[in-house]
Amino acid sequence: MVRRTIKAITNKISSLHEAAFWLALFALFSQILALVRDRLLAHHFGAGVELDIYYAAFKIPDLIFVTVASIVSISAMVPLFAKKESEGEKHLKSATDSIFTVFSFFIIISCLIAWLLMPYILPYLFTGFSVGVIEKTISLSRILLLSPLLLGFSNFFGSIVQYQRRFILYAMSPLLYNIGIITFILYKVLKIGITAAVWGVVLGALFHFLLQAIFVFYSPLRPRFSFHIKWKDIKEVAMLSIPRTLALSVVTFVGIIFASFASKLGEGSIAVFNLGFNLQSAPLSLIGVSFSLAAFPSLAISVAKKDMTDVVFKISDGLRQIIFWSLPATALIIILRAHLVRVVLGSGNFDWSDTRLTAAVLAIFVISSVFQSIQLFLSRSYYALGKTSAPLLGNIAGGALSVVLAFIFIKFYGFWASLINYIAELLNVSHLSQNILVLPLAYSIGSLATVFILYMALDTGLRTEIRKRVQGLLPHSFFSAIVMASVAYLVLNISDSIFNLDTFFGVLGHGTLAGISGIVAGAVVLYLLGNKEFKEIILKFRQLFV
1 MVRRTIKAIT NKISSLHEAA FWLALFALFS QILALVRDRL LAHHFGAGVE
51 LDIYYAAFKI PDLIFVTVAS IVSISAMVPL FAKKESEGEK HLKSATDSIF
101 TVFSFFIIIS CLIAWLLMPY ILPYLFTGFS VGVIEKTISL SRILLLSPLL
151 LGFSNFFGSI VQYQRRFILY AMSPLLYNIG IITFILYKVL KIGITAAVWG
201 VVLGALFHFL LQAIFVFYSP LRPRFSFHIK WKDIKEVAML SIPRTLALSV
251 VTFVGIIFAS FASKLGEGSI AVFNLGFNLQ SAPLSLIGVS FSLAAFPSLA
301 ISVAKKDMTD VVFKISDGLR QIIFWSLPAT ALIIILRAHL VRVVLGSGNF
351 DWSDTRLTAA VLAIFVISSV FQSIQLFLSR SYYALGKTSA PLLGNIAGGA
401 LSVVLAFIFI KFYGFWASLI NYIAELLNVS HLSQNILVLP LAYSIGSLAT
451 VFILYMALDT GLRTEIRKRV QGLLPHSFFS AIVMASVAYL VLNISDSIFN
501 LDTFFGVLGH GTLAGISGIV AGAVVLYLLG NKEFKEIILK FRQLFV
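In full-length UniProt numbering, the protein residues as written are 1 to 546.
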């Protein structure tokens, strides 16, 4: 039994749709655990200063992760592995050892430097924090530096796991990460407060690392420290990864600046912003990340073979799948936003005002999740094509626009007040601290701009072929999304007297009924329209269960 389980976990997967299925399935489990984690945090601390500290403490460790650990990411390593393997096993092993040695040095040194500089950096970032709050943020942030260290090595090993197409093993790591956090919160939060969640992050990162490391230890590609560095290989992976690292760094810098802005908008603003962002990450992880990860290895191989027909097909197919799933999911989440937030986060110290404000932030954020999913997929497509400058420039432009808009919205709030008030009224939060809404609004506009830039930067011929293959899907997805949202909204209003909305199960039942009704209506529309993607789902379902 144990041997069968291990074999299933480490099984090699070649099909794009099968890989995407497993990645999405485990991403779903991981997101469920992430929601449990956020519920525990919200229950114990509410949208207040403790959660502000928790999320602020992540910013510098996150920056180290994306600036150093992402250098050995899948996007950079998989194409290099493919190239080196074609040159021979000896070249592949030598490159792996060289990169591992240099990476280990940089990730350790970076964490040590950050530990020393933390007291000088954080006070300038979070000027809205009091002295006591800043001191606690510094203390927790130093503990969290263990996270990029462990996750950095896990990232390196994960590249090997992905290259060998062990998608199930790779997809399990985030589950263990969240299990570590949840475990520490459950057992230690009453004794050491928010510090329990921080040590839980470290434990989760350790679990994440160990799962990848155990497999790689028995792999032919197990890296070893080497004093014979192949600097040519280092340069090659740097040329592939640095543009992507800079692109990710832009996203992280934007997050830091937005957290800095939020610290000035009042207590709990950072918490509300991050909780809303985390909730919208569920469709992003299930759809955008899954298809991006699943498509990348096969896309890189097609590029290496110079099979551009297959490249166009895979990019178009991935975009169609992302759009097909993203638009209806977005529409449904907007309608059910309050139910989702209340069910996931609404307990303990997380009150009704916190719920409504977080739901409003979620509604604005989830619109951008469509663009973020497309952005992820297009970025990985560029990396597979060996064109790393477009994602960098797109992220810089979109990130800069987000920051500028956020600054303008906050600095000249009076000028934009009527627009923000209108959005707040639509989202039923006009009587709350609606100034926080400017941040997800600015972020969403920046995400749209990034996707537009990435699309326009494609070669004209490639862009034309992709447009031909994708544009036919848009009317189907838009129409089904509108029908789905309309039916869900109608059912919510008709059935609200049936459920006791003051209880967890009442809110859950009310939202579930509306959600299922909307999904059924959307499915009927897609069936009547003869949608290709819907037919593929039905066929796959029959193959699996009939």
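Glycine included, each C-beta is placed from N, C-alpha and C at the ideal position. Predicted, not measured: the structure shown is a model, and the values here were computed from it.
Would you call the segment 457 to 467 in contact with the segment 412 to 425, where contact means no fewer than 3 C-beta pairs closer than 8 Å?
Judged by Cβ distances under 8 Å, the segment 457 to 467 makes no contact with the segment 412 to 425, as fewer than three pairs qualify.
Give the straight-line distance between the Cα atoms of residue 384 and residue 308, rounded to the nearest whole angstrom.
Here residue 384 is taken as the residue at index 384 of the sequence shown, counted from 1. Here residue 308 is taken as the residue at index 308 of the sequence shown, counted from 1. Residue 384 and residue 308: Cα-Cα distance of roughly 12 Å.
Could you check what DSSP says for residue 128 in three-state terms: helix, strand or coil?
To locate residue 128, count along the sequence shown from 1; it is residue 128. Residue 128 falls in the coil class under three-state DSSP.
Where residue 398 and residue 392 are concerned, what is the direct C-alpha to C-alpha distance, given to the nearest angstrom?
By 1-based counting over the sequence shown, the position of residue 398 is 398. By 1-based counting over the sequence shown, the position of residue 392 is 392. In a straight line, the C-alpha of residue 398 is about 10 Å away from that of residue 392.
As assigned by DSSP and simplified to three states, the class of residue 431:
For the purposes of this step, residue 431 is taken as residue 431 along the sequence shown, with counting starting at 1. Residue state, collapsed to three classes: coil.
Enumerate in chain order the residues of its own chain whose CB-to-CB distance from residue 439 is below 7 Å, with the five nearest sequence positions on each side excluded.
In the sequence shown, the residue the question calls residue 439 occupies position 439. Within the same chain, residue 439 has close Cβ partners 258, 261, 262, 273 and 406.
Between the C-alpha atoms of residue 548 and residue 281, what's the straight-line distance to the nearest angstrom?
Given that the chain is displayed from residue 1 to residue 546, the structure contains no residue 548 and the question cannot be resolved.
State buried or exposed for residue 395, treating a residue as buried only when at least 16 other CB atoms are found within 10 Å of its CB.
To locate residue 395, count along the sequence shown from 1; it is residue 395. Residue 395 comes out buried.
Whole-angstrom distance between residue 303 and residue 430, CA atom to CA atom
Mapped onto the sequence shown, residue 430 falls at position 430. Mapped onto the sequence shown, residue 303 falls at position 303. Between residue 430 and residue 303, the C-alpha separation is close to 51 Å.
Status (buried if at least 16 other CB within 10 Å, exposed otherwise) for residue 50:
Here the question's residue 50 lines up with position 50 in the sequence shown. Per the 10 Å Cβ criterion, buried.
For a test of the three-state rule: what should DSSP assign to residue 218, helix, strand or coil?
Working through the sequence shown from its first residue, we reach residue 218 at position 218. Here residue 218 sits in coil by DSSP.
Just the C-alpha distance for residue 151 and residue 310, rounded to the nearest angstrom, thanks.
Walking along the sequence shown from the start, residue 151 turns up at place 151. Walking along the sequence shown from the start, residue 310 turns up at place 310. Answer to the nearest angstrom: the Cα atoms are 33 Å apart.
Measuring alpha carbon to alpha carbon, tell me which of 530, 203, 505 and 484 ends up nearest residue 520.
On the sequence shown, position 520 is the one that residue 520 refers to. Residue 520 has its Cα closest to that of 484, out of 530, 203, 505 and 484.
Judging by CA-CA distance, which residue of 369, 344 and 442 is the nearest neighbour of residue 43?
By one-based count along the sequence shown, residue 43 stands at place 43. For residue 43, the closest alpha carbon among the candidates 369, 344 and 442 is that of 344.
Could you tell me the distance, in whole angstroms, from the CA atom of residue 48 to the CA atom of residue 423?
Translated into positions along the sequence shown, residue 48 becomes position 48. Translated into positions along the sequence shown, residue 423 becomes position 423. One Cα belongs to residue 48, the other to residue 423, and the distance between them is close to 24 Å.
If the criterion is Cβ atoms closer than 9 Å, does the pair residue 330 and residue 290 meet it?
In the sequence shown, residue 330 corresponds to position 330, counting from 1. In the sequence shown, residue 290 corresponds to position 290, counting from 1. In this structure, residue 330 lies away from residue 290, with their beta-carbon atoms at least 9 Å apart.
Buried or exposed (CB count within 10 angstroms, at least 16 for buried), residue 8:
Reading the sequence shown from its first residue, position 8 is the one you call residue 8. Confidence at residue 8 is low in this model, with a pLDDT of 47, below 50, so the placement of that residue is unreliable and no value is reported for it.
Starting from the Cα of residue 149, find the closest Cα among 139, 108 and 115 and give me that residue.
Numbered from its first residue, the sequence shown carries residue 149 at position 149. Nearest option by C-alpha distance: 108.
Less than 9 Å between the beta carbons of residue 373 and residue 284, yes or no?
The residue you call residue 373 lines up with position 373 of the sequence shown. The residue you call residue 284 lines up with position 284 of the sequence shown. Inclusion of residue 373 and residue 284 in the CB contact set at 9 Å is warranted, their separation being smaller than that value.
Which residues in the same chain have their Cβ closer than 7 Å to the Cβ of residue 442, if we skip the five residues on either side of it in sequence?
Here the question's residue 442 lines up with position 442 in the sequence shown. Around residue 442: 402, 405, 406 and 409.
With a 10 Å radius around its C-beta and 16 neighbouring C-beta atoms as the bar for buried, classify residue 354 as buried or exposed.
If you number the sequence shown from 1, residue 354 lands on position 354. Flag for residue 354 reads buried.
The alpha helix (DSSP H) enclosing residue 555, as first and last residue numbers:
An answer regarding residue 555 cannot be provided, because it is not within the stretch 1 to 546 covered by the chain.
Segment limits, alpha helix (DSSP H) that includes residue 380
Counted from its first residue, the sequence shown places residue 380 at position 380. Start and end: 352 to 384.
Note down the Cα distance separating residue 279 from residue 132, rounded to an integer number of angstroms.
Looking up residue 279 in the sequence shown gives position 279. Looking up residue 132 in the sequence shown gives position 132. Between residue 279 and residue 132, the C-alpha separation is close to 29 Å.
Looking at the structure shown, is residue 228 part of a helix, part of a strand, or coil, going by DSSP?
Taking the sequence shown and counting its residues from 1, one reaches residue 228 at position 228. Here residue 228 carries a coil assignment [DSSP, helix/strand/coil].
Please report the distance separating the alpha-carbon of residue 21 from that of residue 287.
Taking the sequence shown and counting its residues from 1, the one referred to as residue 21 is at position 21. Taking the sequence shown and counting its residues from 1, the one referred to as residue 287 is at position 287. When rounded, the separation of the alpha-carbon atoms in residue 21 and residue 287 is 10 Å.
DSSP three-state call for residue 503: helix, strand or coil?
Sequence index remark: in the sequence shown, residue 503 carries index 503 (1-based). The answer is coil: DSSP assigns residue 503 none of H, G, I, E or B.
Is the separation between the beta-carbon of residue 53 and that of residue 188 shorter than 9 Å?
As a working mapping, residue 53 is identified with position 53 in the sequence shown. As a working mapping, residue 188 is identified with position 188 in the sequence shown. No, they are not a contact pair.
Quick test of your reading: residue 333 and residue 444, contact by CB under 8 Å. State the CB separation rounded to the nearest angstrom.
The count along the sequence shown starts at 1 and reaches residue 333 at position 333. The count along the sequence shown starts at 1 and reaches residue 444 at position 444. Under the criterion of beta carbons closer than 8 Å, residue 333 and residue 444 do not qualify as touching, at roughly 14 Å.
Which first and last residues belong to the alpha helix (DSSP H) in which residue 487 is found?
Counted from its first residue, the sequence shown places residue 487 at position 487. Here the alpha helix (DSSP H) through residue 487 covers 473 to 495.
Tell me, to the nearest whole angstrom, how far the beta carbon of residue 473 is from that of residue 323; I am working on the premise that it is less than 8 Å.
Mapped onto the sequence shown, residue 473 falls at position 473. Mapped onto the sequence shown, residue 323 falls at position 323. Right, their Cβ atoms sit about 6 Å apart.
Alpha helix (DSSP H) containing residue 269: first to last residue?
Locating residue 269 in the sequence shown gives position 269, where the first residue counts as 1. Per DSSP, residue 269 belongs to the alpha helix (DSSP H) from 269 to 283.
Taking 9 Å as the cut-off, decide whether the C-beta atoms of residue 215 and residue 180 are in contact.
Indexing the sequence shown from 1 puts residue 215 at position 215. Indexing the sequence shown from 1 puts residue 180 at position 180. No, the Cβ-Cβ distance between residue 215 and residue 180 is not below 9 Å.
Helix, strand or coil: which one does DSSP assign to residue 8?
Sequence index remark: in the sequence shown, residue 8 carries index 8 (1-based). Legend: pLDDT at residue 8 = 47, less than 50; position of this residue unreliable, value from coordinates given subsequently. DSSP places residue 8 in helix when its eight states are reduced to three.
What would DSSP say about residue 459, mapped onto helix, strand or coil?
Numbered from its first residue, the sequence shown carries residue 459 at position 459. Under the three-state reduction of DSSP, residue 459 is assigned to coil, being neither helix nor strand.
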